[in-house]
Amino acid sequence: MDKFLGSCVTKKLVMAIAGLFLILFLLVHLGINFLLLIDDPVPFNSAAHFMSNNVVVKVFEIFLIAGFLIHIIWGIILQVQNWLARPARYKKTAFSQTSFFSKYMIYLGIIIGVFLFIHFMNFYFVKLGWVEGDHENFYGMVNDLFQLPLYIVIYLVSFLFLAFHLHHAFQSAFQTLGLNHNKYTPVIKGIGLIYSIVVPLGFSIIPIVIYFFK
Amino acid sequence: MKLTLKIWRQKNADAKGKFVTYDFDGASPDMSFLEMLDALNTKLIKARIDPVAFDHDCREGICGACGMYINGHPHGPGKAITTCHLSMREFKDGDTIYVEPWRAKAFPVVKDLIVDRTAFDKIQIAGGFISTNVGSAPDSHALPVEKSKADEAFNSAVCIGCGACVAACKNASAMLFVSAKIAQFALLPQGRIEAKERVQAMVKKMDELGFGNCSNTGACEAECPKEISLVNIARLNREFYCAKVSP
Amino acid sequence: MTKLDAKIPEGPLAEKWAKYKASAKLVNPANKKKLDVIVVGTGLAGAGAASSLGELGYQVKNFCYQDTPRRAHSVAAQGGINATKNYKNDGDSIYRLFYDMIKGGDYRSREANVYRAAEVSNDVIDHFTAMGVPFARDYGGNLDNRSFGGVQVSRTFYAKGQTGQQCLLGTYSSLNRQISQGTVTMYPRREMLELVIIDGKTRGIITRNLITGEIERHSAHAVVLATGGYGTIYYLSTLAVNSNPSAAWKAHKKGAFFANPSFIQIHPTSIPQLNEYQSKLTLMSESLRNDGRIWVPKKKDDKRVANEIPEDERDYYLERRYPAFGNLVPRDVASRAAKERCDAGYGVGKTGLAVYLDFRDAINKQGEKAIEAKYGNLFELCRIITGINPYKDPMHIYPAGHYTMGGLWVDYNLMTTIPGLFSIGESNFSDHGANRLGASSLMQASGDGYFILPYTISNYLADDIKTPGISTDNQEFEDAEKSVKERLEKLVSINGTQTATSFHKRLGEIMWNYCGMSRNEEGLKKAKQMLKELKEEFWTDLIIPGDLNSVNQELEKAGRVADYFEVADLMVDDALNRTESCGAHYREESQTPEGEALRDDKNFSYVAAWEYTGESKPYILHKEELKFVDVEVKERSYK
Numbered sequence: 013m014d015k016f017l018g019s020c021v022t023k024k025l026v027m028a029i030a031g032l033f034l035i036l037f038l039l040v041h042l043g044i045n046f047l048l049l050i051d052d053p054v055p056f057n058s059a060a061h062f063m064s065n066n067v068v069v070k071v072f073e074i075f076l077i078a079g080f081l082i083h084i085i086w087g088i089i090l091q092v093q094n095w096l097a098r099p100a101r102y103k104k105t106a107f108s109q110t111s112f113f114s115k116y117m118i119y120l121g122i123i124i125g126v127f128l129f130i131h132f133m134n135f136y137f138v139k140l141g142w143v144e145g146d147h148e149n150f151y152g153m154v155n156d157l158f159q160l161p162l163y164i165v166i167y168l169v170s171f172l173f174l175a176f177h178l179h180h181a182f183q184s185a186f187q188t189l190g191l192n193h194n195k196y197t198p199v200i201k202g203i204g205l206i207y208s209i210v211v212p213l214g215f216s217i218i219p220i221v222i223y224f225f226k
Numbered sequence: 004m005k006l007t008l009k010i011w012r013q014k015n016a017d018a019k020g021k022f023v024t025y026d027f028d029g030a031s032p033d034m035s036f037l038e039m040l041d042a043l044n045t046k047l048i049k050a051r052i053d054p055v056a057f058d059h060d061c062r063e064g065i066c067g068a069c070g071m072y073i074n075g076h077p078h079g080p081g082k083a084i085t086t087c088h089l090s091m092r093e094f095k096d097g098d099t100i101y102v103e104p105w106r107a108k109a110f111p112v113v114k115d116l117i118v119d120r121t122a123f124d125k126i127q128i129a130g131g132f133i134s135t136n137v138g139s140a141p142d143s144h145a146l147p148v149e150k151s152k153a154d155e156a157f158n159s160a161v162c163i164g165c166g167a168c169v170a171a172c173k174n175a176s177a178m179l180f181v182s183a184k185i186a187q188f189a190l191l192p193q194g195r196i197e198a199k200e201r202v203q204a205m206v207k208k209m210d211e212l213g214f215g216n217c218s219n220t221g222a223c224e225a226e227c228p229k230e231i232s233l234v235n236i237a238r239l240n241r242e243f244y245c246a247k248v249s250p
Numbered sequence: 029m030t031k032l033d034a035k036i037p038e039g040p041l042a043e044k045w046a047k048y049k050a051s052a053k054l055v056n057p058a059n060k061k062k063l064d065v066i067v068v069g070t071g072l073a074g075a076g077a078a079s080s081l082g083e084l085g086y087q088v089k090n091f092c093y094q095d096t097p098r099r100a101h102s103v104a105a106q107g108g109i110n111a112t113k114n115y116k117n118d119g120d121s122i123y124r125l126f127y128d129m130i131k132g133g134d135y136r137s138r139e140a141n142v143y144r145a146a147e148v149s150n151d152v153i154d155h156f157t158a159m160g161v162p163f164a165r166d167y168g169g170n171l172d173n174r175s176f177g178g179v180q181v182s183r184t185f186y187a188k189g190q191t192g193q194q195c196l197l198g199t200y201s202s203l204n205r206q207i208s209q210g211t212v213t214m215y216p217r218r219e220m221l222e223l224v225i226i227d228g229k230t231r232g233i234i235t236r237n238l239i240t241g242e243i244e245r246h247s248a249h250a251v252v253l254a255t256g257g258y259g260t261i262y263y264l265s266t267l268a269v270n271s272n273p274s275a276a277w278k279a280h281k282k283g284a285f286f287a288n289p290s291f292i293q294i295h296p297t298s299i300p301q302l303n304e305y306q307s308k309l310t311l312m313s314e315s316l317r318n319d320g321r322i323w324v325p326k327k328k329d330d331k332r333v334a335n336e337i338p339e340d341e342r343d344y345y346l347e348r349r350y351p352a353f354g355n356l357v358p359r360d361v362a363s364r365a366a367k368e369r370c371d372a373g374y375g376v377g378k379t380g381l382a383v384y385l386d387f388r389d390a391i392n393k394q395g396e397k398a399i400e401a402k403y404g405n406l407f408e409l410c411r412i413i414t415g416i417n418p419y420k421d422p423m424h425i426y427p428a429g430h431y432t433m434g435g436l437w438v439d440y441n442l443m444t445t446i447p448g449l450f451s452i453g454e455s456n457f458s459d460h461g462a463n464r465l466g467a468s469s470l471m472q473a474s475g476d477g478y479f480i481l482p483y484t485i486s487n488y489l490a491d492d493i494k495t496p497g498i499s500t501d502n503q504e505f506e507d508a509e510k511s512v513k514e515r516l517e518k519l520v521s522i523n524g525t526q527t528a529t530s531f532h533k534r535l536g537e538i539m540w541n542y543c544g545m546s547r548n549e550e551g552l553k554k555a556k557q558m559l560k561e562l563k564e565e566f567w568t569d570l571i572i573p574g575d576l577n578s579v580n581q582e583l584e585k586a587g588r589v590a591d592y593f594e595v596a597d598l599m600v601d602d603a604l605n606r607t608e609s610c611g612a613h614y615r616e617e618s619q620t621p622e623g624e625a626l627r628d629d630k631n632f633s634y635v636a637a638w639e640y641t642g643e644s645k646p647y648i649l650h651k652e653e654l655k656f657v658d659v660e661v662k663e664r665s666y667k
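Residue numbers (my numbering), protein chains in the order written: chain H, 13 to 226; chain Y, 4 to 250; chain R, 29 to 667.
So this is what it looks like as structure tokens:
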């Protein structure tokens with residue numbers, strides 16, 4: 013398998029590039045989601061329509077799906093190898109000064125993955141026609157979903173975990189790319205921290221606004 | 004000091020090990036951790052019990068022989084020290100102390116707290132050197148080296164090969180160890196010549212030996228007795244990609 | 029009495045080595061492949077020799093007791109490594125280094141060897157640099173130098189306080205290169221337990237695999253011992269706790285003469301013993317004496333904490349006794365003065381075996397920042413080990429055994445009195461006389477391993493090219509293995525009540541008290557008797573748990589301690605024989621009216637090489653007269 017996947021450094025590089033790509037995509041997604049805050053359904057629905065039918069976006073979508081799959085599959089492979097590298101565990105463990113969430117990336121990833129599946133069931137698979145629904149009115153669908161308290165709780169918790177995931181992921185990706193510098197790494201870490209708070213927060217505001225104020 | 008010691012005992016590589024509890028009264032805050040174990044061993048020997056085996060040699064923090072996982076930390080609590088420099092002042096009367104060997108597939112237990120770290124030698128043999136013939140070296144001043152680079156190379160070169168990075172890493176990855184060597188040579192002009200081959204050969208060997216992958220957690224850096232920096236790992240990554248893409 | 033032949037080449041001092049190299053016999057590459065060489069030890073000397081010989085094309089087997097060659101005790105050297113590069117343009121030269129070493133060694137070393145060591149020192153630095161050893165550099169990118177050990181020139185190359193580590197790791201890397209090329213085979217976790225001699229030539233060794241307990245036979249056309257010194261004879265020393273002279277001692281008992289065993293350097297500034305379980309004394313760099321003031325209370329058994337003792341109740345004894353040099357007197361003088369005060373009952377600390385090294389005045393004058401910049405790492409080390417914060421309270425220091433100038437006698441070829449057995453680095457005696465100069469141990473070990481032995485061993489092996497690979501089925505191997513096994517079985521079968529370490533401690537105490545910094549006839553004779561009794565006790569009351577066929581660290585220790593009893597006995601004999609004071613060897617009977625060491629060149633200008641004649645039989649003393657042609661023999665004075 014290593015012949016195909018390459019060394020541990022290569023695998024990590026693939027993981028990092030896919031991750032950074034997904035991080036970028038999150039921004040685009042958030043931008044579109046903000047259209048939900050407008051009372052008029054047209055802007056959001058047109059954006060959704062554009063995302064569904066534009067040829068460039070279609071090509072981009074293939075990369076995106078690949079990004080998700082690679083990030084997930086590579087993540088699992090790396091994690092399994094890591095577990096195998098320590099067959100006997102320690103009896104007593106303690107915390108050292110580390111990037112805290114890095115220890116839980118696989119678990120955070122699994123939770124995010126589960127959310128992603130729910131999310132796909134609700135929207136993406138509808139768009140593909142695999143699941144029944146009105147794919148010309150995503151605006152309405154979102155507003156309906158965000159009236160369900162349980163859904164909102166799942167949604168918010170998922171984004172909290174995404175924030176944890178991003179907190180390690182952002183700076184870690186740069187380290188994996190070989191970019192570590194006495195002067196600039198603190199800046200990258202700072203941006204990472206801001207990103208991991210602002211983006212999930214942005215996503216989280218939307219259901220709250222919709223539930224309470226609309 | 005009265006202590007409850009829970010120490011991993013394993014007769015040999017093939018045996019099944021277990022924790023044995025020793026109620027030990029006789030430690031003093033002036034002792035080093037290893038001296039405390041010496042005292043315990045004296046007691047065990049007199050009771051005709053096989054003493055706890057552990058690697059140790061210089062007992063001044065430079066040879067890298069000693070190393071045990073004490074209460075959840077490689078080389079125990081305390082920053083930038085080896086086990087031989089760990090003082091019993093770090094513990095309180097009545098403490099329970101867990102003492103475990105390094106745990107990694109690539110570091111099999113030999114006996115009790117002794118592990119086999121020849122995997123590190125194998126990685127070095129794969130390319131951790133500069134191919135210069137004995138006696139044919141040019142005058143040292145024929146090749147000036149920028150002071151900042153020389154100092155940085157030195158900071159990477161202080162690794163003592165104890166294996167605490169592997170022990171600390173949740174993935175049992177050897178990246179910090181390997182990257183320190185890669186960085187030392189990559190920073191020096193005399194080491195640049197073979198830089199591409201070196202990084203590929205050493206990473207390949209590291210993978211073969213069953214170490215885990217780096218997840219940039221930083222436990223290695225936090226626990227390294229010589230405070231080797233994660234910057235080295237980034238440099239290894241960079242060196243590796245450059246080596247792969249260059250013709 | 030046999031006359032020892034040092035085989036020094038004829039001709040002027042400066043041309044001897046060049047002439048030797050030009051006329052030495054060579055072995056052609058095809059023949060080298062057929063010749064096996066065993067190197068025991070992987071320090072600078074051993075790993076240097078193994079990698080050089082591998083590079084030349086010999087089939088090398090390299091042994092060490094540690095889990096990896098990188099842990100050899102060369103790793104612990106702090107200060108630096110000397111070379112005569114004269115990069116500072118301060119008048120250094122090969123001759124000047126040679127002269128400093130001869131004088132520093134108190135005129136008890138061999139001129140030709142010392143000159144050669146100085147001569148190859150530059151090659152050593154160049155080679156280390158090429159191997160990627162990160163020596164300190166200046167802003168121009170060139171190598172930096174510092175002055176060390178009280179000499180007048182700056183010739184010491186360094187890598188912060190870890191010069192030994194960096195040099196050793198460089199050597200380890202070149203060893204790895206040879207291992208990767210298949211010329212060197214590494215045997216870690218092996219202890220050499222016997223030397224095998226066939227028809228008068230060294231042909232192999234017997235080792236114990238420290239993991240499996242297996243007794244192994246290894247043959248070769250020549251054997252090189254690079255096994256370091258015997259400083260742990262005092263139990264507490266600055267050496268690695270497992271350092272031992274057993275390999276050299278086995279060779280000695282097989283016929284290699286042992287030279288000047290009583291020459292052991294005691295370093296004045298080590299962290300003292302804190303408790304009875306202490307296993308090791310950590311060195312605090314000598315440089316601390318540049319700013320620290322050494323003192324003890326004027327009152328005996330003063331139990332007050334240091335800072336509560338007023339100025340006029342402090343005895344700055346070095347400044348009092350040696351007003352000209354003060355705290356900067358040479359190592360041996362400082363060590364003896366500390367011992368004198370402590371013996372008289374003025375020592376401090378729990379054990380009373382320590383003196384203060386106080387930075388209060390320096391901090392008041394220069395500020396804490398300046399002191400931190402100079403000694404920060406050492407202060408931190410002191411804090412880690414003792415819990416004392418030297419910025420607030422004075423450090424406790426005491427002398428500790430450090431380096432052995434004595435060792436196996438070798439000729440100019442670095443060959444012992446057994447043909448085919450070579451000894452290099454600290455394990456031989458040749459270059460440091462009665463006292464070693466700072467920063468010259470790394471230099472000599474590397475020079476021996478990289479640049480001298482490869483020539484001299486080839487010169488020897490050239491006559492052996494027709495000898496095919498040596499079989500380990502020879503009767504001599506059989507006998508050697510049998511004797512090793514018998515001895516190990518004897519050790520484990522004693523089944524007494526006392527541990528090897530407890531014997532080692534008591535042995536160390538006897539040696540430290542009677543054959544340490546200061547010696548006299550009465551004490552030495554007493555020590556001899558005490559050693560005899562303790563040795564008997566050892567062989568009747570030792571306990572070793574565990575068996576022979578697995579990891580058994582107690583067995584390892586016991587074997588070494590058993591040898592130490594014999595080494596100690598010879599050390600005492602040598603100290604008794606040498607009634608003069610010279611270098612590190614201070615005989616109280618031989619001092620000036622002011623209490624300084626008094627050398628006796630008329631009667632003792634020789635190397636004492638001792639021949640073993642058998643269990644409980646008297647040693648035979650062979651004298652190698654020392655001739656000084658190129659230096660004038662002077663009194664070593666600090667006034």
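For every residue, glycine included, the Cβ atom is placed at its ideal position computed from N, Cα and C.
query                                                                                                                                                                                         : result
So which of H/Phe-135, H/Ile-222, H/Ile-77 and H/Leu-205 has the shortest CA-CA distance to H/Pro-161?                                                                                        : H/Ile-222
For a contact defined as C-beta to C-beta under 7 Å, what are the partners of H/Tyr-151 on chain Y?                                                                                           : Within 7 Å Cβ-Cβ: nothing; H/Tyr-151 doesn't reach chain Y, min ~40 Å.
So R/Val-269 contacts chain Y; which residues on that side make the cut at Cβ distance below 8 Å?                                                                                             : His-59, Asp-60, Cys-61 and Arg-62
Name, going along the chain, the residues of the stretch 72–84 of chain Y whose beta-carbon falls closer than 7 Å to a beta-carbon of chain H.                                                : Tyr-72, Asn-74, Gly-75 and His-76
Of the residues that make up the stretch 572–599 of chain R, which ones have a beta carbon closer than 7 Å to any beta carbon in chain Y?                                                     : Pro-573, Gly-574, Ser-578, Val-579, Gln-581 and Glu-582
What does the alpha-carbon distance come out to for the pair R/Met-29 and R/Asp-134?                                                                                                          : With a pLDDT of only 48 at R/Met-29, under the threshold of 50, the placement of this residue in the model should not be trusted; the figure read from the coordinates follows. Roughly 26 Å separates the two Cα atoms.
Is the Cβ of Y/Lys-108 closer than 9 Å to any Cβ of chain R?                                                                                                                                  : no
Within 10 angstroms of its Cβ, does H/Tyr-196 collect 16 or more other Cβ (buried), or is it exposed?                                                                                         : exposed
Output, in chain order, the set of chain H residues within a Cβ distance shorter than 8 Å of Y/Glu-103.                                                                                       : Tyr-102, Lys-103 and Lys-104
Distance cutoff 9 Å, beta carbons only. Does Y/Leu-51 sit that close to anything in chain H?                                                                                                  : A small correction: the amino acid at residue 51 of chain Y is Arg; Leu does not occupy that position in the sequence shown. Not an interface residue.
Report the neighbours of Y/Pro-111 on chain R: residues whose CB is nearer than 9 Å to its CB, in chain order.                                                                                : Under the 9 Å cutoff, chain R gives no residues; its nearest Cβ is about 11 Å from Y/Pro-111.
Is R/Ala-603 closer than 9 Å to R/Leu-570 when the C-beta atoms are compared?                                                                                                                 : no
What are the residues that DSSP puts in a beta bridge with Y/Lys-21?                                                                                                                          : Y/Arg-12
H/Glu-148 by DSSP, collapsed to three states: which one?                                                                                                                                      : coil
Using a Cβ-Cβ cut-off of 9 Å, state whether R/Pro-325 counts as contacting chain Y.                                                                                                           : no
Is DSSP giving R/Lys-556 helix, strand or coil here?                                                                                                                                          : helix
Suppose you measure from the CA of R/His-613 to the CA of R/Val-324; what does that come to, to the nearest Å?                                                                                : 25 Å
Going by CA-CA distance only, name the one from R/Pro-162, R/Gly-283 and R/Gln-619 that's closest to R/Thr-641.                                                                               : R/Gly-283
Rounded to the nearest angstrom, how far is the Cβ of R/Val-635 from that of R/Ala-145, given a contact under 8 Å?                                                                            : That belief does not hold up - the Cβ atoms of R/Val-635 and R/Ala-145 are roughly 16 Å apart, past 8 Å.
Identify every run of the alpha helix (DSSP H) within the stretch 111–187 of chain Y, keeping only runs that are complete inside it and at least 4 residues long; order them along the chain. : 121–128, 150–160 and 167–171
If you compare alpha carbons, which of Y/Lys-95, Y/Ser-139, Y/Phe-188 and Y/Leu-40 is closest to Y/Phe-4?                                                                                     : Inspection of the sequence shows that residue 4 of chain Y is occupied by Met rather than by Phe. When only C-alpha atoms are compared, the closest one is Y/Lys-95.
Between Y/Asn-240 and chain H, is there a C-beta pair that is closer than 9 Å?                                                                                                                : yes
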